Structure formats: C-alpha cells, structure tokens
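Residue numbers for the sequence shown follow my numbering, so the first one is 9 and each next one is one higher. Idealized CB from N, CA, C, for every residue including glycine. Values in this document were obtained by computation on a predicted structure and should not be read as measured data. Single-structure report; data block below.
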Amino acid sequence: MELGNRYGVMTLPVLGDIGDAAAVDQMFTEVKEHLGQVDWLVNNAGISQIGLLSELSVPDWQTMLDTNLSSVFYCCRQVIPDMVRKQSGKIINISSVWGEVGASCEAAYSAAKGGMNALTKALAKELAPSGIQVNAIACGCIDTRMNACFSKEEKAALESEIPAGRYGTAEEVAHLAWQLMSGNDYLTGQIIRLDGGWI
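Dropping the structure here:
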C-alpha cells in the first residue's frame, strides 16, 4: 500500500508460491477481480543456490526451475490472452548474465535463466504480430538480499572485476524495466545486459 500512496496508483499485494501453477492461477484471479486485465507484466522472481551440481538434490533442482523458469510460463499464460485481444502489452523478464555465460557452482540458476532467455526470444517472435513486446534484463551483480551470502571480502573482489566499480541497484533495474515498458514498441526479443560492463 505504501507504493500506491507514494506514486498515486492502485496496488494489490497478493501472496502465493510463484513456482506453483495453481497458486499463480489464484493470484491472477484476485488481481483481475480487483484491478482488471494486466497490461504490463514483470517476471522478477528469483532464487539462487551456490554449490556443486553433483551435490544438488533433485528437489532443490526442481525448486530452482519452478521459481526461476516455470513461474515465467505460469504468469505469461495468465496475461497473454488479454494482451492478444487488446493487441498490445509488454512483458519484461528479469534474468541474469549467468543465463548467457553460465556460472560455476550455480548451474541450476544458470540453466533456469538461460531457459528464461530462450523463452523471452521465442515469445517475442510469437507475440510480435499481436503488438506485444517481450524483453529480458540480464542483471549482473545487483545489491539485493540474494547476494547477502557474500562476505565483505568476496563482495570487494567482485566489485573489483566490474568496470563500473560497484554493484548495480534494484532501482536501476526498475528504471530500465520502466524504460522498456513505457517506450519503444519496436524493441522486442532482446536480452539487455545491465552489468556495469562486467561480462
């Protein structure tokens, strides 16, 4: 509600497991009942787990795919029919540079984000004739709770590899998503890196 008051827009917090198809169906039912159809969708759920692939359990692998990839499918299928009927819409998927180049000890996360990138490109081609744009933002190191596992020394070492000399911010990711949604209707199917020149 705080965001709604700050920006003068209607907001509706809805809780649910984004990696569960039935839960997502219920979430979108609530959204559509209270706010109507969705014109813009940002798929920004993400979790990571660091470790060797050989030590990753099957349930952990499935959770990574459900949250980071299947959730995009579940959410997109909820909004696409209305967007097609309206002949307009924007979908932004928040991805990672690891989806393009892979990361040692983050194989499941890399695989899920790589799948998200491929889904972004495929959906862009499928939906372009209906006036719908689909793009992804491939984030580098962003200063969020997901990276709280790094020690001060590890964070400093990572920052030294980034030409911009720092982590990005969640606000910078949001600003780029806003630009993609509120601007160009010809830009679609792109995986746009936001990584301070890192990769």
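Which one or two residues does DSSP pair with residue i in a beta bridge?
i    : result
Q95  : Answer by DSSP bridge pairing: none, since Q95 is not bridged.
V50  : I100
R201 : A146
Just reading off the alpha helix (DSSP H) that residue i is part of, what are its end residues?
i    : result
N125 : A115 to L135
T71  : V66 to L73
V109 : W106 to V109
S168 : K160 to E169
The beta strand (DSSP E) that contains residue i, what's its start and end?
i    : result
V142 : I140 to C147
Could you check what DSSP says for residue i in three-state terms: helix, strand or coil?
i    : result
R174 : coil
T37  : helix
L20  : coil
Y15  : helix
N192 : coil
W186 : helix
D151 : coil
D90  : helix
S79  : helix
A29  : helix
C84  : helix
L61  : helix
Drop a sphere of 10 angstroms on the beta-carbon of residue i, count the other beta-carbons inside from all chains shown, and report buried for 16 or more, exposed for fewer.
i    : result
K98  : buried
W106 : buried
K121 : buried
S56  : buried
Y15  : exposed
S118 : buried
S62  : exposed
Q141 : buried
M18  : exposed
Y211 : Since the first residue shown for the chain is 9 and the last is 207, residue 211 is missing from the structure and cannot be characterised.
D203 : buried
Y175 : buried
Counting only the same chain and skipping the five closest in sequence on each side, list residues whose C-beta sits under 7 Å from that of residue i.
i    : result
C113 : I58, G59 and L60
K129 : G197
M189 : W48, K98 and I100
Under 6 Å Cβ to Cβ from residue i, same chain only, skipping five residues before and after it: list those, please.
i   : result
A6  : What the structure shows of the chain is the stretch from 9 to 207, and residue 6 is not part of that stretch, so it cannot be assessed.
V46 : V87
T75 : G27, A53 and I55
N51 : V80, C83 and N101
For residue i, I'd like the list of residues in its chain whose CB is within less than 8 Å of its CB, leaving aside the five on either flank, ordered along the chain.
i   : result
V92 : L135, S138 and I140
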